[in-house]
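Colleague: First the structure, which I've put down as structure tokens, then a few questions once you've had a look.
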Amino acid sequence: MIKILQGDTGTLEFTFTCNDALTSLSTVVFKLYNSAASVVDTLTLGVDAEITESSTGTYEVILETVDLTSGSYFAELSGYYGGYKQLKREPMRLSFV
97 MIKILQGDTG
107 TLEFTFTCND
117 ALTSLSTVVF
127 KLYNSAASVV
137 DTLTLGVDAE
147 ITESSTGTYE
157 VILETVDLTS
167 GSYFAELSGY
177 YGGYKQLKRE
187 PMRLSFV
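In this note's numbering, the protein residues as written are 97 to 193.
Spelled out as structure tokens, the structure:
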């Protein structure tokens with residue numbers, strides 16, 4: 097579980113592998129869902145500066161939490177490799193100090 101304090105900036109990291117080798121994806125999108133499964137933020141690699149591929153198969157998302165309320169969220173990063181969608185989703189808890 098990812099834990100971030102409300103008002104802080106968090107850096108989320110996602111890695112993707114194929115046959116134990118780090119693998120770059122195409123059409124990479126980050127989505128943040130609230131506890132009601134509604135999308136509250138979407139970032140696209142190559143469009144939004146907050147999402148980068150720091151090295152092959154390793155993606156970093158800078159998440160600003162100022163406009164979010166404390167509670168449970170799901171952080172999801174997806175993209176395509178070999179024509180198939182790849183997806184990682186992690187629970188996230190945002191709390192007050």
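We put the CB at the ideal spot given by N, CA and C, even for glycine. Note that the coordinates shown come from a computational prediction; the quantities given were computed from them, not determined experimentally.
For Thr182, collect the residues of the same chain with a Cβ closer than 8 Å to its Cβ; drop the 5 residues on either side in sequence, then sort them by chain order.
Modeller: Residue identity check: residue 182 is Gln in the sequence provided, not Thr. Once the five neighbours on either side are set aside, the close Cβ partners of Gln182 are Phe112, Leu121, Ser174, Gly175 and Tyr176.
Colleague: Have a look at Thr161, Ala145, Gly178 and Tyr155 and flag the residue whose alpha-carbon is nearest the alpha-carbon of Glu172.
Modeller: Among Thr161, Ala145, Gly178 and Tyr155, the Cα nearest to that of Glu172 belongs to Tyr155.
Colleague: With distances taken between CB atoms, is the gap from Leu159 to Leu108 smaller than 7 Å?
Modeller: Yes; because the gap between Cβ atoms is below 7 Å, this pair is in contact.
Colleague: Hey, Ile147 and Val136 are a contact pair by Cβ (cut 8 Å); roughly how many whole angstroms apart?
Modeller: With a Cβ gap of about 15 Å, Ile147 and Val136 do not count as contacting.
Colleague: Identify whether Leu128 lies in helix, strand or coil by the three-state DSSP scheme.
Modeller: Leu128 falls in the strand class under three-state DSSP.
Colleague: Work out the CA separation of Lys184 and Leu118 for me, nearest whole Å.
Modeller: Rounded to whole angstroms, Leu118 to Lys184 spans 14 Å at the Cα level.
Colleague: Of the choices Leu141, Ser131, Phe126 and Thr152, whose alpha-carbon is the least far from that of Asp116?
Modeller: Residue Thr152 is the option with its Cα nearest to Asp116.
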